[in-house]
Structures are given as C-alpha cells and as structure tokens.
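>
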Amino acid sequence: MTTHFAVTGPEYLLDEVQVCPALSEVTCEGYVVDDQGRRHLIVQVGAVRLHLGPDIATVKRTLQIVAAAMKFRPVPPPSEQLTDAVTWLLLTFHGTSGFDPDERGATE
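Residue numbers for the sequence shown follow this note's numbering, so the first one is -8 and each next one is one higher.
#1: Below 8 Å, how does it come out for the segment 41 to 53 and the segment 67 to 87: are there three or more Cβ pairs, yes or no?
#2: Are at least three pairs of beta-carbons, each pair with one atom in the segment -2 to 16 and one in the segment 29 to 44, less than 8 Å apart?
#3: Three or more C-beta pairs closer than 8 Å, one from the segment 57 to 73 and one from the segment 9 to 18: is that the case here?
#4: So, is V8 buried or exposed, given that buried needs 16 or more other C-beta atoms within 10 angstroms?
#5: For G37, which three-state DSSP category applies?
#6: Does the beta-carbon of M61 have 16 or more other beta-carbons within 10 angstroms, so that it is buried, or is it exposed?
#7: Would you mind giving the Cβ-Cβ distance between V101 and L80, rounded to the nearest angstrom? I have them listed as a contact below 8 Å.
#8: Hey, how far is the Cα of D46 from the Cα of T(-7)?
#9: Using a Cβ-Cβ distance cut-off of 8 Å, determine whether K62 contacts chain C.
#10: Where do the ends of the alpha helix (DSSP H) carrying Q72 lie?
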C-alpha cells in the first residue's frame, strides 16, 4: 500500500483503530515518529494511507489537499460530513501531544 506524505520512522499503532464518527472511511491507526522525534498521525481515507504532521500548520495544508481530492470522487461525501471529518482529524492530531511512544512497542 502506498502511503502519501510518508515519513520514515517507527510506527506506534493503536490497540484499536479509531473511526471518524462523521465519515467512517476515515480512520486513525496510530503515529509514526520521525528522526527528529516529531509525531505524525497515521490516517486511512478509504484505500489511501497517509501521515499527517509534524505540526498543525502542515496538517491543515495536507487536509485541504485531501478534502479537495475527496470532492472529485464519483460519489463525494456531503460537505458537512467532510468538514466534520477534517475537524475530527485536527482534534485527533492535536491530542497527540500526550502520546507517550514508550508505552507501546514500535513497528519498523
């Protein structure tokens, strides 16, 4: 599977994948930590996997690209659901500040 906006580093996967309440095809699988110790959210949007991060400004720009691409699908999600999914991802990314990678084993 191709990962867009890919970051090389150990992955810390959640025990249970988090599903976006607004758009079930959007999920959060965990985090990848880059060589500078910055966290990137591992997100699945349908068949596309991507890393979001390392900072909120970059996440916002990336989500603008993802949201625009989703609007050109054969059956795009309703705008309200798309907006709610983007908000959920922003809040999920923001919540990574309390994530302790030492609590779980990393996968390379």
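Ideal Cβ positions, reconstructed from N, Cα and C, are used throughout, including at glycine.
These numbers were taken from a predicted model, which means no experiment stands behind them.
Quick look at the numbers:
#1: yes
#2: yes
#3: yes
#4: Counted from its first residue, the sequence shown places residue 8 at position 17. It counts as exposed.
#5: The residue given as residue 37 occupies position 46 in the sequence shown. G37 falls in the coil class under three-state DSSP.
#6: As a position in the sequence shown, residue 61 is number 70, starting the count at 1. Classification for M61: buried.
#7: The structure shown has nothing for residue 101, since the chain only spans -8 to 99.
#8: Here residue 46 refers to the residue found at position 55 of the sequence shown. Here residue -7 refers to the residue found at position 2 of the sequence shown. One C-alpha to the other measures close to 22 Å.
#9: Given the protein chain composition of this structure (a single chain), no chain C is represented.
#10: Within the sequence shown, numbered from 1, the residue matching residue 72 stands at position 81. Unbroken alpha helix (DSSP H) run through Q72: 70 to 85.
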